[in-house]
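In what follows, a single structure is set out as structure tokens and then discussed.
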Amino acid sequence: MFTTVRPTRPQPAIALPKDLFCAIDELKRELKAVVLAHYYQDPDIQDIADFIGDSLGLSQQAATTDKEVIVFAGVHFMAETAKILNPDKLVLLPDLEAGCSLADSCPPKEFAEFKTKHPTAIVVSYINCTADIKAMSDVICTSSNAVKIVNQLPKDRPIIFGPDRNLGRYVAKETGRDLILWQGSCVVHETFSEKKIVQLKIEHPTAEIIAHPECEETVLRHASYIGSTTALLKYSQQSSQDTFIVATEPGIIHQMQKEEPLKRFIPAPAMNNCSCNECPHMRLNTLEKLYLSMKHKQPEIVMEESTRKAALKPIQRMLEMSK
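Residue 10 is where the sequence shown starts when you use this note's numbering, and the numbers rise one by one after that.
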């Protein structure tokens, strides 16, 4: 692994401000900082963020921001992507433990060996992967643009798609391409219970099931709409239905409810009686950690320049192909 996080320096204990929202706004001005947050963050973080979005939207914002400091309220691979796009800017991640089960399911050494078995294949990597995997890729995609990206690739070349097998199966079905799938998955999107979702649908017969393509096929086959978090948000606004069963991380429901306060949004249940449908990594970030990260200007994302340059090319290609 070449990507690292600069070690934090021990800091003296400080009293937190009574109004963290005002304190963070003040630090934004002082640092000339932008706060980018994923839809899966806690509502408080979403409300203080300058931009909220899915992986594609956040990448586009990171690529165009003129701010000197990027505070990424998300997980590690997202902050890495911001650093890849902004090598001269300070990129902060509030909690170092905010990783990603999907990114972890694709170790660089094993993926490199997988690539050698398919030497003529174009490598399309879902953005939910480490910088080292991006550096081995030909083009990056997100759940928003994966179908569009694959449809633009030469039909006479095989395609490796990783690391998410569920998104890969969905893309293969939508494009008619025979993809070579890396067998990775997201712990959150694999916990949804088909049985419980069907029971919810029986209890709410007029509800629409909307799902993220990272979900397993057993869940997707019940969905009336499948899309990225941003697409699900837009669909819930445009649909005439007033009740939705939402099969993705429930953090998105905060924005859905803000946009459509008269509609009802029910989080799809997990297989066990737990909060497993909440991403344990995303939820490590808190408003307090966000403030402290900005106050101390750490933890900072850093990486070797050779890795950054190699990872930048497929991200730039994605941004071009997404226009």
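Note that CB positions come from ideal geometry on N, CA and C, so glycine has one too.
Span of the alpha helix (DSSP H), counted from its first residue to its last, around residue i
| i | result |
| --- | --- |
| Met-312 | Premise fails: Met-312 lies in the beta strand (DSSP E), 309–312, not in any alpha helix (DSSP H). |
| Ser-64 | 64–73 |
| Leu-7 | Because the chain here runs from 10 to 332, residue 7 falls outside it and cannot be looked at. |
| Arg-38 | 29–40 |
| Phe-274 | Looking at the DSSP string, Phe-274 is not in any alpha helix (DSSP H); the run it does join, the beta strand (DSSP E), is 273–276. |
| Ile-149 | No alpha helix (DSSP H) contains Ile-149, which is instead part of the beta strand (DSSP E) from 148–150. |
| Leu-176 | 174–184 |
| Pro-52 | 52–57 |
| Asp-113 | 110–113 |
| Met-265 | 261–268 |
| Val-91 | Looking at the sequence provided, one finds Ala at residue 91 rather than Val. First-last of the alpha helix (DSSP H) with Ala-91: 85–94. |
| Ile-23 | Where Ile-23 is concerned, there is no enclosing alpha helix (DSSP H), given that its DSSP letter is neither H nor E. |
| Ala-121 | 117–125 |
| Tyr-300 | 296–305 |
| Gln-161 | Unbroken run through Gln-161: none, as it is neither H nor E. |
| Leu-209 | 203–212 |
| Glu-225 | No alpha helix (DSSP H) holds Glu-225; DSSP gives it neither H nor E. |
8 Å Cβ shell around residue i - same chain, five flanking residues per side excluded
| i | result |
| --- | --- |
| Phe-120 | Ile-142, Met-145, Gly-171, Pro-172, Trp-191 |
| Phe-253 | Ala-216, Glu-217, Ile-218, Ile-219, Ser-245, Met-265, Lys-272, Arg-273, Phe-274, Ile-275 |
| Met-10 | Legend: pLDDT at Met-10 = 41, less than 50; position of this residue unreliable, value from coordinates given subsequently. Around Met-10: Pro-117, Thr-139, Asp-141. |
| Met-291 | His-47, Tyr-49, Gln-50, Gly-83, Val-84, Ala-107, Glu-258, Gly-260 |
| Leu-242 | Tyr-48, Ile-261, Gln-264, Met-265, Glu-268 |
Boundaries of the beta strand (DSSP E) in which residue i is found, first to last residue
| i | result |
| --- | --- |
| Glu-217 | 217–220 |
| Thr-252 | 252–256 |
| Ser-134 | 131–135 |
| Gly-171 | 168–171 |
| Ala-82 | 78–82 |
| Cys-138 | Counting along the chain, Cys-138 falls outside any beta strand (DSSP E), and DSSP gives it neither H nor E. |
| Val-100 | 99–101 |
| Val-197 | Here Val-197 belongs to no beta strand (DSSP E), and DSSP marks it neither H nor E. |
| Leu-188 | 188–190 |
Close Cβ partners of residue i (< 7 Å) along its chain, the five nearest in sequence each way excluded
| i | result |
| --- | --- |
| Ile-168 | Ala-130, Ile-131, Val-133, Val-159, Leu-162, Arg-186, Leu-188, Ile-189 |
| Ala-279 | Thr-200, Phe-201, Ser-202, Cys-285, Asn-286 |
| Thr-238 | Tyr-48, Asp-63, His-221, Thr-257, Ile-261 |
| Glu-329 | none |
| Ala-240 | Ser-153 |
| Lys-322 | none |
| Phe-123 | Trp-191 |
| Glu-226 | Arg-178 |
| Ala-32 | Pro-26, Tyr-300 |
| Lys-76 | Lys-41, Ala-42, Val-43 |
Beta-carbon proximity check, residue i vs residue j, cutoff 7 Å
| i | j | result |
| --- | --- | --- |
| Phe-86 | Cys-109 | yes |
| Val-197 | Glu-258 | yes |
| Arg-317 | Pro-96 | yes |
| Val-78 | Ala-42 | yes |
| Ile-261 | Tyr-48 | yes |
| Thr-184 | Leu-65 | no |
| Leu-94 | Ala-58 | no |
| Pro-289 | Leu-105 | no |
| Ser-248 | Pro-103 | no |
| Val-84 | Ala-107 | yes |
| Ala-140 | Glu-223 | no |
| Ala-277 | Ile-206 | yes |
| Val-180 | Val-156 | yes |
| Ser-331 | Asn-137 | no |
| Tyr-135 | Leu-176 | yes |
| Asp-263 | Pro-52 | What sits at residue 263 in the sequence shown is His, not Asp. Yes, Cβ-Cβ distance for His-263 and Pro-52 is below 7 Å. |
| Ser-194 | Arg-174 | yes |
Neighbourhood of residue i by C-beta distance below 6 Å, restricted to the same chain and skipping five residues each side
| i | result |
| --- | --- |
| Pro-16 | The pLDDT assigned to Pro-16 is 48, lower than 50, so where the model puts this residue is not dependable, and the model offers no usable value. |
| Thr-295 | none |
| Ala-320 | Ile-93, Ala-140, Lys-143, Ala-144 |
| Ala-46 | Ile-54, Gln-55, Ala-58, Ile-61, Ala-82 |
| Ala-24 | none |
| Leu-29 | Leu-296, Tyr-300 |
| Thr-74 | Val-43 |
| His-213 | Thr-252 |
| Leu-334 | Since the first and last residues shown for the chain are 10 and 332, residue 334 lies out of range. |
| Lys-126 | none |
| Leu-209 | Ile-254 |
| Leu-36 | Met-303 |
Near the ligand MG: residue i beta-carbon under 6 Å from a heavy atom
| i | result |
| --- | --- |
| Thr-215 | Judged by which ligands are present, the structure shown has none, so any question about the ligand MG falls away. |
Item to check | Stretch-stretch touch, CB-based, cutoff 8 Å, three pairs: the stretch 225–239 with the stretch 297–313 | outcome: Between the stretch 225–239 and the stretch 297–313 there are fewer than three C-beta pairs closer than 8 Å, too few to call the two in contact.
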